[in-house]
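Data block below; observations after.
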Amino acid sequence: MPINRTERERVVVTGMGLLAPGANCVADFETALREGRSGIRFWPEAAEVGLGCQVAGIPTVDCELLDELVSPARRRVLSPIMEYAVVAALECWRDSGLPYDSDANESVDWDTGIVVGTGIGAIDLLVKTVGPLVAQREHRRFGSRMVERIMISGTAAALSGMFGLGGPAITVSSACSSGTCAIHRAAQTLRLGICKRSLAGGVEIASVHTAALFDAMRVVSRDSNHSPEEASRPLSASAGGFVPSGGAAFLMLETLNSALERGARIYAELAGSFENSGGQRRDGTMTAASSEGAVRCIQGAIADATVNPNEIDYVNGHLTGTTGDVKEIRNISAALGMAPERLPWLNATKSLTGHALGAAGAIESIATVLQIKGRFLHPSINCKDLHPEIIDIAPRIPMHAISREINVALKTSFGFGDVNACAVFRRGPVME
Amino acid sequence: MERTHIKEELLNVLKRFIVKKLPQGIELTEDATLRKDLKIDSADMIDIVLEIEERFSIKVDDEQLDRVKTLGEMVSLIQGLAA
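Line order of the protein sequences matches chains R and B. Numbering of the first sequence is given in this note's numbering, commencing with residue 20 and proceeding in unit increments. Numbering of the second sequence is given in this note's numbering, commencing with residue 9 and proceeding in unit increments.
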């Protein structure tokens, strides 16, 4: 397909699907956002292995739904991380109004691709199955279907096979910015004319093995094991680290022309996006974002969306509940050229969901789109004791849900490796 | 173990793995070749053998498997190992 550079392809969101802590679908997630309902619970498995953080956000997979909608042959080989992704992707696909009766039809959808973001991948399978069988010299028992369950591209491959996708089916991994990065990359395939639609999102399994890695770094919340819903405290003075969680979220990104042609419902427009790195130089390290890198990324996304900073009504922050939160507020302030007290409204979805690593950016992008469409802002819970270094932003943080017209929203995501991805969503065009 | 029972169990296993590929109306006689008639590829064979080993509590080595070309030969192999 020829690339038309004279007029940039507009990209819109025509479907969403999600599996998050405390929310099995998008409608449930919206209710949780409006109610400020935390999905964090006590995590017995973490306590059993002696982790410092014994709370987490663990989604619940509806196995009956999978049994109903996925053929037995494919159902047998779905790993836990794939199950998360299939639940979310199925909801997204059907929400987009695209037909699905089974994964056994013979047609190929040449116009649709998929980009999946993930940070860690199928760690539980490696630890619980691959390691022990190899050690016991029983590798034969893997059969022919283990590679596809372990390979980092396995989820994208499984979903591509389920829906018969003929567009690019790829995986991106940029740590905690993976979900937003996937959205950015998927939008690029649309703008380049490679396909008309793309599932775009992220998935991460909630695993004690993953949590143990962060526990060893002492970057997770350890002081709220007896009050799980208070454990995730982005922006607060008493934040003690993030809360590990898992989940999956997909947006259907589609060219505006394709959406209008088939009469698809449009949730919002992905007006622009950007990704970069900070090079782990100056104040950037493997685990902390470089200020200049973060500022450039935010400004890059805003420029890509051709909006002015003062048009941004709302920021959905990366904001994890670590020492990085204060720096992120300063970076947003610098990027938008606004003093903290003049910033747009800002909240931290992770205060409700915990940190789903590779899935976080996608879960939070759905939260952003829901707030645009629903004309509300969800509360950022557990931050009544705002960090003293950012006390000036207090008036900009909703402590309970409020009604608000949001026309332009910025989503920020930053990951280990000093990698960044930001997106700008806009109300319209042609919305219900 | 009775040959009829073995064949029935084996067909149950095969159908799970190859039902999509089986040409319509094909008769699963003992002469049916595994690769050409039943379209069982090498990847399928790995998983089918694992399933058979579990169902019949037997162990099939690669050399024995290489000599099996038809459904009937597979039944005979299982019958021999399960005895």
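Backbone N, C-alpha and C define an ideal beta-carbon position, used for all residues, glycine too.
Residue 445/R has 288/R, 427/R as its beta-bridge partners, per DSSP. When rounded, the separation of the alpha-carbon atoms in residue 343/R and residue 101/R is 31 Å. With the criterion set as a beta carbon lying under 8 Å from some beta carbon of chain B, the members of the region 143-172 of chain R are 159, 160, 162, 163, 164, in sequence order.
Contact holds between the region 185-197 of chain R and the region 421-438 of chain R, because three or more Cβ pairs, one in each stretch, are under 8 Å apart.
Nearest C-alpha to residue 77/B among 38/B, 63/B, 90/B, 87/B: 38/B. Secondary structure in the region 78-144 of chain R: the alpha helix (DSSP H) runs of 4 residues or longer, each lying completely within the stretch, are 82-88, 91-95, 99-114 in chain order.
From the beta-carbon of residue 48/B, no residue of chain R is found nearer than 9 Å; the closest lies around 12 Å away. With a threshold of 16 other beta carbon atoms within 10 Å, residue 83/R falls short and is exposed. Sixteen is the threshold: when 16 or more other Cβ atoms of the shown chains lie within 10 Å of the Cβ of residue 216/R, as they do, the residue is buried.
Distance from the CA atom of residue 385/R to the CA atom of residue 35/R, rounded to whole angstroms, is 7 Å.
Sequence-distant partners of residue 130/R (beyond 5 residues in either direction) whose C-beta falls short of 7 Å from its own C-beta, in its chain, are 186, 214, 215, 216. Spanning the alpha carbons of residue 79/R and residue 41/R requires a straight line of approximately 8 Å. Residue 260/R and residue 297/R have their C-alpha atoms roughly 22 Å apart. Our two residues, residue 301/R and residue 403/R, have alpha carbons roughly 32 Å apart in a direct line. The shortest CA-to-CA distance from residue 362/R to any of 368/R, 349/R, 373/R, 372/R is the one to 349/R. Nearest Cα to residue 317/R within the set 63/R, 57/R, 430/R: 430/R. Under the DSSP definition of a beta bridge, residue 43/R lacks any partner.
What residue 55/B touches in chain R, judged by beta-carbon distance under 7 Å, is 162, 163, 164, going in chain order. In this structure, residue 271/R sits near residue 33/R, with a CB-CB distance shorter than 7 Å. Residue 123/R sits away from residue 269/R, with the two beta carbons spaced by 7 Å or more. Residue 90/R and residue 121/R have their C-alpha atoms spaced approximately 7 Å apart.
Unbroken beta strand (DSSP E) runs of no fewer than 3 residues, entirely contained in the region 202-266 of chain R, are found at 216-223, following chain order.
Secondary structure note for residue 56/B: its alpha helix (DSSP H) is the uninterrupted segment 50-64. Rounded to the nearest whole angstrom, the C-alpha separation of residue 258/R and residue 231/R is 19 Å. Contact check between the region 61-76 of chain R and the region 219-231 of chain R: three or more CB pairs, one atom from each, fall below 8 Å, which counts as touching.
As for any alpha helix (DSSP H) of minimum length 4 sitting wholly inside the region 352-429 of chain R, the runs are 369-372, 379-393, ordered along the chain. Using a Cβ-Cβ cut-off of 7 Å, residue 51/B counts as an interface residue toward chain R, since at least one Cβ of chain R sits closer than that to its own.
C-alpha of residue 158/R to C-alpha of residue 140/R: approximately 21 Å in a straight line. Here residue 252/R is buried, its C-beta having at least 16 other C-beta atoms within 10 Å. About 7 Å separates the beta carbon of residue 220/R from that of residue 136/R, a gap short enough to meet the 8 Å contact definition. In this structure the region 405-423 of chain R does not touch the region 173-181 of chain R; the number of beta carbon pairs closer than 8 Å is below three. One thing to note: residue 341/R has its Cβ no nearer than 7 Å to the Cβ of residue 369/R. Check the Cα spacing between residue 52/B and each of 67/B, 35/B, 36/B, 23/B: the tightest is with 23/B.
Neighbours of residue 58/B in chain R, taken as residues whose beta carbon is under 7 Å from its own, are 160, 162 in chain order.
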